[in-house]
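Line by line, the protein sequences are chains C and R.
First residue of the first sequence? That's 79 in this note's numbering, and the numbers climb one at a time after it.
First residue of the second sequence? That's 1206 in this note's numbering, and the numbers climb one at a time after it.
Right, one structure below, let's go through it.
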Amino acid sequence: MAPLALIALFLPLASAVAIALFTRRNASVSAGISIGASLGAFLISALIFNQLRGATAPETLNPNWLSIGDFKVDFGVTLDALSQLMLLVVTGVGSAIHIYSWGYMRADRSVSRYFAGLSLFMFSMLGIVLARNFVQMFIFWELVGVSSYLLIGHWYERASAADAAKKAFITNRIGDFGFLLGILMVWAALGTINFSSIADIMKANPLALGALGTGTGLLIFCGCVGKSAQFPLHVWLPDAMEGPTPVSALIHAATMVAAGVYMLCRVFILFTPEALSVIAWIGGGTAILAALMAVQQNDIKRILAYSTLSQLGYMVMAVGLGGPATAMFHLTTHAFFKALLFLGAGSVIYALHHEQDIWKMGGLKSKMSVTFWTFLIATLALCGVPPFSGFFSKDEILALALGHNMPLFVIASIVAVLTTFYMFRLVIVAFINPAKSDPASHAHESPSVMTLPLVFLAVLTIAGGFIGIDKLYEVALGKTELGNHTVAMAAGLGAFAIGLIAAWTLYANATADSLTTRLGAMAHWMRDRFYFDECYEWLNRWTQELLATVADWFDRWIIAGAGVKGLSLAAELGGGLLRLMQTGNVQTYALLIALATALLFWRYIL
Amino acid sequence: MTILTYIVLSPLLMAALLLLVPNTSQLRTRWGALLATLVSAILATIAFFKFDPAIAGYQFEQKIPWSSTLGISFHLGVDGLSLGLIWMGAIVSFAACCLSKDIVEREKEYYILLLLMTGGILGAFASLDLVSMYVLHELALVPTFIMIGVWGRGKDRNYAAYKITLYLSAGALLTLAGLIALYIQTGAKSFDLPEIMGFAVNHPISLPAQNYIFPLLLFGLGILVSLWPFHTWAPLGYAAAPTGTAMMHAGVIKKFGLFALLRIALPLMPDAAQLWMQILAWLCLGNILYCGLVALKQKNINLLLGNSSVAHMGIVFLGIASLNLIGVTGAVFVMIAHGLLAALSFGLSGYLYQQTKTLEIGRYGGLLRELPFLGTCMIMALFAGCGLPGFGNFVGELSVFFGAWKEHKVPVIIACWGALVIGSIYMLRAIRAIWHGPITKPDGVMCDAAGNRLPFVILLAALIWLGVCPNWLVRRIEPSLKTILQPFSNRSQAVTPMPIPPVAKR
């Protein structure tokens, strides 16, 4: 199995390299190669899953990548239920999005570069999924960051896209800083970076990390905070929407941002109870913060971006509450319906010639029926309506919170209300209300290369709750202790009802957002993301940039000056002192000679 | 004559040959230089593969006695430490020759100096005799000053030449003093390195002597490598130097200080080293953090690259300061990867300068569409510079952090911040300003290096190769470093069990 998995891993890389080197000028060939590689990886993943069915494959293949003394990094693959399912999710959703991209990006100037980027991303993401040790994961972690950077900045001539790409990368790097330190601490404490050895050691001795166990866990968690855009490093994800919409669907909704959660589940055993409770609260906080921000956004992609943040918060919270299987279940269903939502949004944007403001849409229900119905299915799944897949996973999360942490349960329920509210605000304003702009009234359904992936994902969204995904994750990660299901379900459905009624009363046939005036200043805060960006900007300006300015000044005027001047001064001073002795006065010389003779006499003869 | 001798002699002989060429025929000097460096590069690659990692000692040895009374000889040989450096140096010198096309004035003199530089530095790496090592290094160093003064660019070039001469001469002088003191103190009556080493096994240098010789070498060599706070010559010098010189100096010659530290100072003076490495671990943060911050503020491409190159030297120092196999191997790996990277970066910026006569970042913008090849190369170089996997630098930096973590926790934390965060900020700012965004074109013809892509491709390919298959190089470095670090391996076991200071949360 392991060689097969390696083929699945390297297929997209080969595609990226081939496109970059040979087929830059031929868009269709590049797209074909990339789509083929993704489908190939999907087929292989399905084959692997069909063979193993969640059983863990023995770690037979161990190619060594780097070996210095006792620092050994192997380049193997992990194949357990967790990675098998994740492989399917990444390659399945990825393939749908690859195909969709061929429709969406057809008119672009650099289709080849785009597909090379997608392939590079697939390679890196599969690498994270298959990684067997921390260093291997870190390598792909960074590569995922690069491919995300390249794809957000696909339209790099637009200043906003170029800035967003840069911001995403640097914010992620801050998280990676903590992640790397965490890895170093694990290595120093346990003497290994291999996940399986770490698990063995931790099982034998849960306190193996010593007094710094909580700190180590939280540093590892930093990686997740960056990649999965958790508070306080959540600021990059909404800006990342500057990239092409399929990229947002694949990377910034379904897969890459979920890598943080995946990593937490992979090394779940490392976290102490204290670390877990911090993780749970960060997740819960992110969930509610992002949901509040989503309520006052008007850009269709931004609404979905904040929704992604909020759902990632749910997943992280679930990990923190001791339910990695639950988190992975939600990750999977979320990958289906959030990718579907983004692709639906992309279909709308495509039909409206790159209009993204929902208040300039409307009336799309009848004009774009496939897009509308699939979008509605995904919305219902996101809001946790039975029998869609989101219902099952969200219900589990609510039950988990109910069983372990009452305040977080309340927060999670409020988030559920807000989710339904902002999603139906979007659906009502953009699809159901009458058209409010010229492009909206002349919109047409997108071509079938785009709608077919929508239908495929819609099927997954509907079926996702019934096909036993949750059971498989429990095999890999252990069964989660849940609270009372009935209460949780009631809370979830109640939240849906409240949110739906509120959205309907406020937005049915509305032409402008009346909530903005009602909320007053609060609305501004929500729309402007609670001014986090401004705060960070200010903080950076007065700490790092200030230090840099001081360092630059110091370098230019003090060190540089002192070095050169010091050296030349020393030479001049030496010369000056020597010059003093050359008086030209014979008496002085005679005196000096006499003194020197006396000195020598005293030193050697007396 | 071994293959090694040919690698070193090929550029030197060609330099002598070119002296005979009359000034009128200009074409032949460039072709001659290209030929000689190409021969060195090919031979170095062959030597790389012929080198047997299983043998711990020196290989391809050649010894010609010169002054037996003083114990001086012309003694060449390589081990894992110098092998990679020679390979990298030979490749970089070929690339530097390729990218010197813009030199039209006094072409002959330029190429002769470039060849002297190449032969000198390759010889210095290959030398096993302290005198020939020092002399050959000077042979490589002195042309730098002349080249900046004669073919340099910008209004600051005289000041830069003056400054770099002053600093590097001071560094070389301190080193010389250290080496002579070493010769006297060892009592082996020889400048031959293997002989001194053999002698020192039974007659270690006394502690007081170590305590004054080691700092002489550390700071003398440190100045040559732009150790903070003796670094300011570097960015200025590289901004003023012609392309080929900047590539050779930043890429290859600068590594000599680090090489000599590992070759001479550490194995001969382990006691003093142990003490001074505690200080070096903090000093190197001056390079990594402080120069990283300075780089944030630069508005000239070469000043930015120069500061970043100084920052990378800090990571090498950190690796050396760890005094363990992982860290020092990482340091040597960074030295080699950074040599390729610095040459690539300065080659690219030089190519831009050649066409536009400016390196002010503000004058550029959105050029990726116009210059896809140069842009892609430079973006990859900047990525490599901020330590992304896939390039050699990542492997080295990672090993340095893993190696140094045990000995120097707080410095590693700060270094990680410098390498991961500050590094990526200035690198990405440069990409954003030069290649992304709305298009801003400085005057001048813009050509995407058509017809002269080979040097960039070679350097980039080597860098990626090292990043993808690091074992290929590590396998050769590791055994020699084990020998060099022999004096420390026993000590660390005796000293290690120290309570780990709580540094997790700050």
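Beta carbons are placed, not taken as given, at the ideal position from N, Cα and C, and that holds for glycine.
Model, not experiment: these values are computed from the prediction.
Within chain R, no C-beta atom comes less than 8 Å from the C-beta of residue 611/C; the nearest is roughly 16 Å away. Each residue's CA atom was taken as its position, placing residue 1612/R and residue 1538/R some 19 Å apart.
Counting only unbroken stretches of 4 or more residues, the alpha helix (DSSP H) elements lying wholly within the region 1467-1547 of chain R are 1475-1490, 1496-1501 and 1506-1527, in sequence order. Annotation note: the region 1356-1429 of chain R contains the following uninterrupted alpha helix (DSSP H) runs of length 4 or greater, listed N- to C-terminal: 1362-1391, 1398-1407 and 1412-1429. Here residue 1334/R carries a strand assignment [DSSP, helix/strand/coil].
Sixteen is the threshold: when 16 or more other Cβ atoms of the shown chains lie within 10 Å of the Cβ of residue 1459/R, as they do, the residue is buried. Relative to the Cα of residue 153/C, the nearest Cα in the group 216/C, 384/C, 167/C and 122/C belongs to 216/C. Counting only runs that start and end inside the region 334-382 of chain C, the alpha helix (DSSP H) elements of at least 4 residues fall at 334-344 and 351-373. Taking a C-beta cut-off of 9 Å against chain C, none of the residues of the region 1312-1329 of chain R qualify. Per the DSSP secondary-structure output, residue 150/C pairs in a beta bridge with 145/C. Here residue 90/C is not near residue 173/C, since their CB atoms are 8 Å or more apart.
Across the region 1628-1649 of chain R, CB contacts with chain C closer than 8 Å involve 1629, 1630, 1633, 1634, 1636, 1637, 1640, 1641, 1642, 1643 and 1644, in sequence order along the chain. Not a single C-beta of chain C is nearer than 8 Å to the C-beta of residue 1652/R. Contact annotation: residue 415/C and residue 382/C have beta-carbon atoms that are not nearer than 8 Å.
Minimum Cα-Cα distance from residue 476/C among the listed residues 358/C, 530/C, 95/C and 376/C corresponds to 358/C. A Cβ-Cβ distance of about 18 Å is found for the pair residue 450/C and residue 498/C, leaving them out of contact under the 8 Å criterion.
Nearest neighbour of residue 139/C by Cα position, chosen from 210/C, 120/C, 371/C and 309/C, turns out to be 210/C.
Going by C-alpha positions, residue 1543/R is about 13 Å away from residue 1593/R.
With fewer than three CB-CB distances shorter than 8 Å, the region 1290-1304 of chain R does not count as touching the region 1367-1375 of chain R. Taking the C-beta atoms as reference points, residue 524/C is found no nearer than 8 Å to residue 385/C. Residues of chain C with a Cβ closer than 7 Å to the Cβ of residue 1489/R do not exist; the shortest Cβ-Cβ separation is about 16 Å.
Non-local beta-carbon contacts of residue 1418/R in its own chain, meaning distances under 7 Å to residues more than five positions away in sequence, involve 1383, 1386, 1387, 1390 and 1474 in chain order. In the displayed model, residue 155/C falls within coil according to three-state DSSP, outside both helix and strand. In chain order, 144 make up the part of chain C whose C-beta sits under 7 Å from the C-beta of residue 1600/R.
Chain order gives the chain C residues near residue 1683/R as 145, 146 and 147, where near means a beta carbon separation below 9 Å. DSSP places residue 283/C in the coil class of the three-state scheme, outside both helix and strand. Annotation: Cβ neighbours of residue 1574/R in chain C (cutoff 8 Å, chain order): 235. Nearest neighbour of residue 1625/R by Cα position, chosen from 1513/R, 1393/R, 1531/R and 1284/R, turns out to be 1513/R.
Of the other Cβ atoms in all chains shown, fewer than 16 fall within 10 Å of the Cβ of residue 559/C; this residue is therefore exposed. Counted as a single uninterrupted DSSP element, the stretch harbouring residue 1281/R is not any alpha helix (DSSP H) but the beta strand (DSSP E) occupying residues 1277-1283.
Non-local C-beta neighbours of residue 517/C in its own chain, meaning closer than 7 Å and more than five positions away in sequence, comprise 430, 431 and 433, ordered along the chain. By the Cβ neighbour-count rule, residue 668/C is exposed, with fewer than 16 other Cβ atoms within 10 Å of its own. Between residue 1607/R and chain C, the shortest Cβ-Cβ separation is below 8 Å.
Within the region 1412-1436 of chain R, contact with chain C at the beta-carbon level (separation under 9 Å) is assigned to 1433, 1434, 1435 and 1436. Contact of residue 251/C with chain R by beta-carbon distance below 7 Å involves 1625, 1626 and 1629.
Under DSSP, the beta-bridge partners assigned to residue 435/C are 377/C.
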